[in-house]
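A.B. asks: Supplied in structure tokens, the structure appears directly below.
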Amino acid sequence: ITERCSGEQIAVGINACRAICARTPSSLVAEDSNTLNEDESSGRGASSISVDVEAFARDLAGYSKHRDRSVAVAGRSWTNFIREVHPSLLQGKDRGTTGSALHRAGEKPLRYGEQRVQSGVA
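Set out below in structure tokens:
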């Protein structure tokens with residue numbers, strides 16, 4: 732997804748990223764250094780590619796003010812998705828009211844197979 736692509740290609744790319752992250756929200760969380768050290772010590776030898784997820788999310792959110800309407804709509808849908816799933820990846824102006832509250836609470840996406848369990852009697 733670059734500025735050199737046509738507006739239609741940018742919109743498709745942003746929507747594809749949103750669909751991928753919607754199916755695997757754990758891809759938005761950077762792995763802990765402890766996890767990486769355990770993988771290296773186990774002898775797997777798997778190469779890990781480090782991606783700055785926060786910069787990636789903010790770059791795609793910046794497309795919400797693009798001159799092409801389809802790109803702007805795709806950028807806004809990406810921003811709304813990140814607001815719901817992992818609001819701390821966005822800048823303060825893009826978080827919104829509920830996103831800021833979730834950011835203060837330290838909300839992060841669930842790992843694969845995790846569930847939120849209510850404690851106490853309802």
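Each number in our numbering comes from the position in the sequence shown (counting from 1) with 731 added on.
Ideal Cβ placement from N, Cα and C applies to all residues, glycine included.
Since the structure is predicted, the reported quantities are computational estimates derived from the model, not experimental observations.
1) What does the Cβ neighbour count give for Gly851, buried or exposed, with the cut at 16 atoms within 10 Å?
2) List in chain order: all unbroken alpha helix (DSSP H) runs of 4+ residues lying wholly within the segment 776-815.
3) Rank Thr733, Gly793, Val743 by C-alpha distance to the C-alpha of Ser801 and give the top, closest one.
4) Alpha carbon to alpha carbon, how far is Pro818 from Ser808? Give it in angstroms, no decimals.
5) Excluding the five sequence neighbours on either side, which residues of its own chain have a C-beta within less than 7 Å of the C-beta of Ala761, listed in chain order?
C.D. replies: Short version:
1) With fewer than 16 Cβ atoms within 10 Å of its Cβ, Gly851 is classed as exposed.
2) 784-793
3) Val743
4) 14 Å
5) Val784
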